[in-house]
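The opening position of the sequence shown corresponds to residue 0 in numbering that gives the first Met the number 0, with each subsequent residue numbered one higher. Where a beta carbon is used, it is the ideal one built from N, C-alpha and C, also for glycine.
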Amino acid sequence: MDVALTSPAFAAGAAIPTKYTCDGADVSPPLAWSGAPAGTQAFALIVDDPDAPAGTWVHWVLFNLSGTTRALPENASTSETATDLGDARQGRNDFKRTGYGGPCPPPGKPHRYVFKLYALDDPLVLRAGATKADVESAMQGHILAQGQLLGTYGRRRG
């Protein structure tokens, strides 16, 4: 089963607006989803760049969003325990901080940014600051459905 993940800020496969990148305000874009199956107790969100020069770069790890949540606002909290997001927890991204870190590729060809949302049958038993690998491991056997949204961003050569 698939969850439909969208953003009012950019269409699937389209460019992510500068506002949501290191060249702009570097705030998270608004997201919305539908189609979560019955029994969803929590959501996890992982955003990464598979085109990064050194391998996949993790931009956001967010987990234990309430199973009743159907959207994230623009400029979501970056605190480890996001009380404004129903006490969801933030993991550590590859910028070595919690919360969202926007696209910031080297100049050249645009990179792909994959927003992956997972509907889970139980919240994850992990502390804030967990890594993408920790979250992916803890989700094994608990994923009811998932969805993804792909955006692109490129920087011009200066």
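Between the options, which has its C-alpha nearest residue i's C-alpha?
{"i": "Leu143", "options": "Ala31, Pro72 and Ala37", "result": "Ala37"}
{"i": "Gly85", "options": "Gly54, Pro102, Pro122 and Phe94", "result": "Pro122"}
{"i": "Ala87", "options": "Ala41, Gly54 and Gly140", "result": "Ala41"}
{"i": "Glu73", "options": "Phe62, Asp22, Glu79 and Phe9", "result": "Phe9"}
{"i": "Pro109", "options": "Arg155, Trp56, Phe62 and Cys21", "result": "Arg155"}
Taking the alpha-carbon positions, what's the residue i to residue j distance?
{"i": "Ala14", "j": "Ala70", "result": "20 angstroms"}
{"i": "Asp50", "j": "Phe114", "result": "14 angstroms"}
{"i": "His58", "j": "Gly150", "result": "13 angstroms"}
{"i": "Ala176", "j": "Leu119", "result": "The chain is shown only over 0 to 157; residue 176 falls outside these bounds and no answer can be derived."}
{"i": "Leu125", "j": "Tyr19", "result": "27 angstroms"}
{"i": "Ala11", "j": "Thr67", "result": "24 angstroms"}
{"i": "Asp48", "j": "Gly153", "result": "12 angstroms"}
{"i": "Val46", "j": "Thr77", "result": "14 angstroms"}
{"i": "Ala75", "j": "Ser33", "result": "19 angstroms"}
{"i": "Glu135", "j": "Gly146", "result": "15 angstroms"}
{"i": "Ala81", "j": "Thr55", "result": "25 angstroms"}
{"i": "Ala35", "j": "Tyr112", "result": "22 angstroms"}
{"i": "Gly62", "j": "Gly107", "result": "Note on identity: in this sequence residue 62 is Phe, with Gly being the wrong assignment. So the alpha carbons of these two residues sit roughly 32 angstroms apart."}
{"i": "Pro16", "j": "Ala137", "result": "32 angstroms"}
{"i": "Asp22", "j": "Ser65", "result": "31 angstroms"}
{"i": "Gln139", "j": "Val60", "result": "16 angstroms"}
{"i": "Ala127", "j": "His141", "result": "19 angstroms"}
{"i": "Glu79", "j": "Pro7", "result": "25 angstroms"}
{"i": "Asp83", "j": "Lys95", "result": "22 angstroms"}
Should residue i go down as buried or exposed, given a rule of 16 or more other Cβ atoms within 10 Å for buried?
{"i": "Thr39", "result": "buried"}
{"i": "Asp104", "result": "It is Pro, not Asp, that sits at residue 104 in the sequence shown. Its Cβ being crowded by 16 or more others within 10 Å, Pro104 is buried."}
Return the Cβ separation of residue i and residue j in integer angstroms, given the expectation that the two are a contact with Cβ distance under 8 angstroms.
{"i": "Thr5", "j": "Ala31", "result": "5 angstroms"}
{"i": "Leu116", "j": "Val2", "result": "6 angstroms"}
> Are three or more beta carbon pairs between the segment 126–137 and the segment 91–98 nearer than 8 angstroms?
Replying inline: yes
> With contact counted as at least three CB pairs below 8 angstroms, one residue from each stretch, are the segment 96–105 and the segment 19–30 in contact?
Replying inline: yes
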